[in-house]
Amino acid sequence: MKIGSLAWLLLCATIASVPAAAQVDFSGEWAPRFYEDQLERVPGPELGDYLGIPINDADRMRGDTWSASLITLPEWQCRPHSADYIWRGPSNLRISKEVDPTTRQTVAFHAEWLRSIDRPIYLDGRPHPPEYAARTWAGFSTGKWDGDVLNVTVTHVKEGYVRRNGLARSEKAKLTENWIRHGDWLTVVTYVDDPVYLTEPFVRSTDYELDLHQQIPPYPCEVVREVERPKGAVPHLLPGKNDMVKEFGVRYGVPEEAARGGAATMYPEYRKKLEGAKAKRPNAPDFRD
Amino acid sequence: MRNIIFKSSILLASVLVIAAVAQEKQTPATKPAIEILPVRGNIYMLIGAGGNVTASIGSEGILLVDTGLANNADKLLATVNKLSVDVETKGLPNVNVGPPKAIRIIVNTHLHGDHTGGNVVLGKAGRTYTGGNVAGNLADAGEQAAIYAHEEVLNRMSFPAAGEPKIAFEAFPTDTYHTEGMNLSHFFNGEGVQLIHAPAAHTDGDTMVYFRSSDVLATGDVFVPSGYPVLDLDHGGSLQGSIDALNHILDVAIPEYRLEGGTMIVPGHGHLCDIADVAYYRDMATIIRDRMQDAIKRGLTLPQIKAAKLTYDYDGIYGATSGFWTTDKFLDAAYKSLTQKKAAK
C-alpha cells in the first residue's frame, strides 16, 4: 500500500467517525465587551438618535411618537429583550449545551442572559413550527454549521425593537445570526431584515469574552403600580408633538438629517454628504470640540 | 485500494440517499385542510375552517368555540371526530376504540358566518344529554348539540337586517345569556368554562370563552392580531368597545414568566397568542384612537384625517389595501364610531 493511499484511507476513516459538520463548543460564561457601544448598550440610547440605522419613515414615526413612560405599564414592566436585541443589552451571557446521552452529540445550545428567558438553538435538524404557532421573545432558533461558524435562523419572534428608544422591529422580520468563536472571544453577527420598518438589512456584530469567574444572579421581576393613570391609558406622543427627539442632535452637534437615520447614514461615505450641513444649524453647540 | 475507497463512497452515498428518501416519505405530500395546534390540556386550536375554532376534547365529549364557514363544516366535523379518537387512543394505531365522543356544546363568539357557518352540520352531528331538573325545551333534547351565544346573536340571526341573507333556524343558538357573562353549569372535561360578554366591541353580541383550568381564552374577533380592529358598526360594534375588550383580556391573562406564555389566547383569526401580543395590539388601537380623537377635536374631517396618515407607522403590520378589511374601511368605521359617540354625548 502506498503512503498516499494510507493517508487517503485515514482521512476517509476520520470523516466517517466525526459528525459531517464541524462543531465548536460555545458553552461557558461570557462577559459583554462594550467598547464604543457602551453609551448605547449600558445607559441606553438617546431619544431621537436614529443615526446609522436603516429605518424607513414608518419606523421614524414609531420612534417619534414613542414615550418611555410606556414601560411603566404593568403589561410591559417585565418585558425581556427579544432574540435579536438581547445581544446588545448590558447583560452577561451563559451558554450551556444540551447533549444527547446516547450519541453524545450536542443537540442544542441554550443562551441565557441576566434579563432574558432561556433561548434554545436546536442543532438536531428539527423543523420550525407552523406559521400559526405562538411567538416568543426568544423565538424558535435552529443552527447549522458552516465550518466552525454556527449559522442560526430565528423565527416566531415577537415584535421588538432595533434600538431602545422606540424604533420598532416587526414580527415579520427575518432574523439570522452567525456565531463565531476565536479562543476566549465570541463574536455574534446579527442580521435583521424587516420588510415593515427597515429599507436594508440591519447588521451588527457584538463581542463577548470568556469569564471563568462569572455568575449570573437571579433577576426576579415584580409588576407594581408605578404610575396612577386611567384604566387603559397608553403613554405616547401625538405625531409632530415630540420636540425631545431634536435634543440628541443639538447635544452632540449632529445635523438633524443625520440624526434622523436611514440606510444612507450607515455608510462611511455619508460623512462627505454631511460636509457643510452643520452650517444649517448655526445655534447648535458643538460638543465634539 | 482505490476500489475500496470507491465502494466505501458508494456505500456512504447510498446510506445518505436512503436516509433522505426515508425522511421525505415521512413528510406528508399535502397538508390537511384544517390544521390542529394543541394549546394546553384538553384544548386545541383548529386552523383553516374560517375563523379559528377552539376545541375542548376529552372524556366528557367535545365543546367547540365557533364552527367556521358553512362550506368547511364537513371537513371540520371530520377533523374534530378524528381528533377525538386520537385523543382517546393517544394517537396509537390499531387500538380497538368506540366512535368519537359527541359534540355536546358549541359556543358562538358572534354572529358572523365565518364563525357560525358550521352550526347546522356540527350542531346536528352533536348530542345533548338531558333529563330531570333542567331548563330549556326538552322536546329537542338529544337531537343536537347545545349552541350557546349572547342574546344579540340570536336576535340578529332571527331578524336579519334588510339585504342580509336568512339564516336557517337550525343554526340559531339554543341557549343565550344577556348579562355580562355566564358560567357553564358544571365542569366540562374537568374544568370550568366561562362565557364573557364584550359589549359593543366587534359586534354587540361578542362572547369570549375562558377555559379556567387550561388557562386558555378564545376571544373571537374582538382580537385579530393580523389586521386593524374589525368594527362591525351595523351590528353594534365600536372602537371604544373593542379597546375595552382588549383591556379585559389583559385583566384576565397572566403571563407564566417575563410577559410570555401563561394564559394562552386563541384569537378570532391568526396565530396563537399570549398577553404580550394582546398588549401590543391594545397599544396600537389606543394610540390610533387617541390620534383620531385629537384630529376630530381639531376639526379635521375624515378625508383630512386620511390625508394626515395617522396610521402610517402601523400600516405595515396591520394595514391592507385590498381584501375584506382595508385600512380605508377601518378609518371610515373608526371615525364614524368616534363621532357617533361624540354625538351621543
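Chains A and B supply the protein sequences, listed in that same order.
Numbers 3 to 291, taken from this note's numbering, label the letters of the first sequence in order.
Numbers 15 to 359, taken from this note's numbering, label the letters of the second sequence in order.
Cβ atoms here follow ideal geometry from the backbone N, Cα and C, with glycine treated the same way.
All of these numbers come straight from a predicted model, not from anything done at the bench.
Would you say residue i faces chain A, with C-beta separation under 8 Å as the test?
i, result
"B/L209", "no"
"B/D304", "yes"
"B/I61", "yes"
"B/L324", "yes"
"B/E205", "no"
"B/G137", "no"
"B/Y143", "no"
Tell me the DSSP bridge mates of residue i?
i, result
"A/L177", "A/V156, A/V194"
"B/S73", "Note: B/S73 sits in no beta bridge, so no partner."
"B/Y294", "According to DSSP, B/Y294 bridges with nothing at all."
"A/W115", "A/L95"
"B/N197", "B/Q208"
"A/S143", "A/I123, A/V156"
"B/F202", "B/E205"
"B/F361", "This structure leaves residue 361 of chain B out entirely; chain B is present only between 15 and 359."
"A/V151", "A/D148"
"B/C287", "B/I279"
"B/F225", "B/V207, B/V230"
"A/H184", "A/W187"
Is the Cβ of residue i closer than 8 Å to any Cβ of chain B?
i, result
"A/T201", "no"
"A/Y134", "yes"
"A/H238", "yes"
"A/R166", "no"
"A/R64", "yes"
"A/R137", "yes"
"A/V198", "yes"
Going by DSSP in three states, residue i sits in which element: helix, strand or coil?
i, result
"A/V205", "strand"
"B/V109", "coil"
"B/G219", "coil"
"B/P317", "helix"
"B/I79", "Reading the sequence as shown, one finds Val at residue 79 of chain B and not Ile. Strand."
"B/D329", "helix"
"B/A160", "strand"
"B/Q37", "Bear in mind that a pLDDT of 38 at B/Q37, under 50, signals an unreliable position, so the number given afterwards is only what the model happens to contain. B/Q37: helix per DSSP, three-state reduction."
"A/R43", "helix"
"A/E271", "coil"
"A/E211", "strand"
"B/T130", "helix"
"A/V26", "coil"
"B/F344", "helix"
To the nearest angstrom, how far is it from the Cα of residue i to the Cα of residue j?
i, j, result
"A/L276", "A/P270", "11 Å"
"A/D120", "A/H158", "15 Å"
"B/F225", "B/D189", "19 Å"
"B/A159", "A/E179", "51 Å"
"B/A182", "B/N122", "15 Å"
"B/I268", "A/A136", "16 Å"
"B/G105", "B/G112", "14 Å"
"A/R171", "B/K180", "45 Å"
"B/M196", "B/Q208", "6 Å"
"B/D88", "B/I120", "15 Å"
"B/A139", "B/G337", "33 Å"
"B/E194", "B/R54", "26 Å"
"B/D291", "B/P239", "8 Å"
"B/Q40", "A/L53", "Since pLDDT at B/Q40 reaches only 39, below the 50 mark, its modelled position is unreliable, and the value read off the structure follows with that caveat. Distance between the alpha carbons of B/Q40 and A/L53 is about 49 Å."
"B/T68", "A/Y272", "54 Å"
"A/Y221", "A/V205", "29 Å"
"A/P132", "B/L314", "44 Å"
"A/R231", "A/R35", "39 Å"
"A/Y163", "A/Y87", "7 Å"
"B/Y191", "B/E205", "20 Å"
"A/P21", "A/H184", "For A/P21, the pLDDT reaches just 48, beneath the cut-off of 50, and the residue's location in the model is therefore unreliable, although a value from the coordinates is still provided. If you take the alpha carbons of A/P21 and A/H184, they lie about 21 Å apart."
Kindly indicate the opening and closing residues of the alpha helix (DSSP H) around residue i.
i, result
"B/I181", "No alpha helix (DSSP H) contains B/I181, which DSSP labels as neither H nor E."
"B/V167", "165-172"
"A/F250", "249-254"
"B/M278", "Looking at the DSSP string, B/M278 is not in any alpha helix (DSSP H); the run it does join, the beta strand (DSSP E), is 278-281."
"A/G246", "Checking the sequence, you will find Met at residue 246 of chain A rather than Gly. It is not in any alpha helix (DSSP H) - A/M246 carries neither H nor E in the DSSP assignment."
"B/I263", "253-266"
"B/L90", "87-103"
"A/R64", "59-66"
Identify the continuous beta strand (DSSP E) that holds residue i and give its terminal residues.
i, result
"B/R51", "The amino acid at residue 51 of chain B is misidentified as Arg; the sequence shows Leu. Here the beta strand (DSSP E) through B/L51 covers 49-54."
"A/L169", "169-171"
"A/A33", "30-35"
"B/I117", "117-121"
"A/V164", "162-165"
"B/T190", "189-191"
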